[in-house]
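A.B. asks: The structure's right below; bear with me while I get my questions together.
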Amino acid sequence: MREFERLKIGPVIIRDELDYFREMHLLETVSVNLTLAGLSEDASRFCIRNEFSREDGKRVARVTSTGGWLDLATRKLTTPPEKLAEVLHSLTKSEDFQTLDSNLRNQ
1 MREFERLKIG
11 PVIIRDELDY
21 FREMHLLETV
31 SVNLTLAGLS
41 EDASRFCIRN
51 EFSREDGKRV
61 ARVTSTGGWL
71 DLATRKLTTP
81 PEKLAEVLHS
91 LTKSEDFQTL
101 DSNLRNQ
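Numbering follows my numbering, with no gaps: position 77 of the sequence shown is 77.
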């Protein structure tokens, strides 16, 4: 978080989509698998998917979050620093991965 503060950028989530497949009980142990479901070439826009599974391996829920990067000074969408873009591009891609359009105008 401090690095985001220093760079004066931050992630902004535009949409969360939740799918429930099975019941999950309070205090039940689950595992979470994160994949990249979409990314623009300039990494200004991303789609991250979290899949929740019970200990028996059965999927119980999926959360797909679509977002971008906000310049905290101008309050406008921006591209992330090169190192962060590289990390995003290196994430494991989902089977239905899509290349997204950039959030930025005039590109």
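Backbone N, C-alpha and C define an ideal beta-carbon position, used for all residues, glycine too.
Nothing here was measured: the structure is a model prediction, and the numbers come from that model.
State the Cα-Cα distance for the pair T79 and W69, rounded to the nearest angstrom.
C.D. replies: Each residue's Cα considered, the two are about 6 Å apart.
A.B. asks: Would D101 pass as a contact of R45 if the rule is Cβ separation under 8 Å?
C.D. replies: Closer than 8 Å, so yes.
A.B. asks: Classify N103: buried if its beta carbon has 16 or more other beta carbons within 10 angstroms, exposed otherwise.
C.D. replies: Answer is buried; the Cβ neighbour count reaches 16.
A.B. asks: Whether or not the segment 29-48 and the segment 56-64 are in contact is what I'm after, with contact meaning three or more pairs of Cβ atoms, one per stretch, closer than 8 Å; do they touch?
C.D. replies: Cβ pair count under 8 Å is three or more, so yes.
A.B. asks: Please report how far the alpha carbon of Q107 lies from the alpha carbon of L77, in whole angstroms.
C.D. replies: The predicted model places Q107 with a pLDDT of 47, which falls under 50 and marks its position as unreliable, so this point remains unresolved.
A.B. asks: Taking the C-alpha atoms as reference points, what is the distance between L34 and Q98?
C.D. replies: Answer to the nearest angstrom: the Cα atoms are 16 Å apart.
A.B. asks: Can you tell me the Cα-Cα spacing of I108 and E82, whole angstroms?
C.D. replies: Past the edges of the chain, shown from 1 to 107, lies residue 108, and the structure says nothing about it.
A.B. asks: Along the beta strand (DSSP E) that carries A61, what are the first and last residues, could you check?
C.D. replies: Note, A61: beta strand (DSSP E), 59-71.
A.B. asks: On the DSSP bridge list, what partners appear for K83?
C.D. replies: Answer by DSSP bridge pairing: none, since K83 is not bridged.
A.B. asks: Using CA coordinates, which residue listed in L84, K93, H89 is at the minimum distance from P11?
C.D. replies: Per the Cα distances, L84.
A.B. asks: Can you find the residues in the same chain that come closer than 7 Å, C-beta to C-beta, to D93, ignoring five residues on each side of it along the sequence?
C.D. replies: This sequence places Lys at residue 93; Asp is not what is there. Hits under 7 Å: T35, L36.
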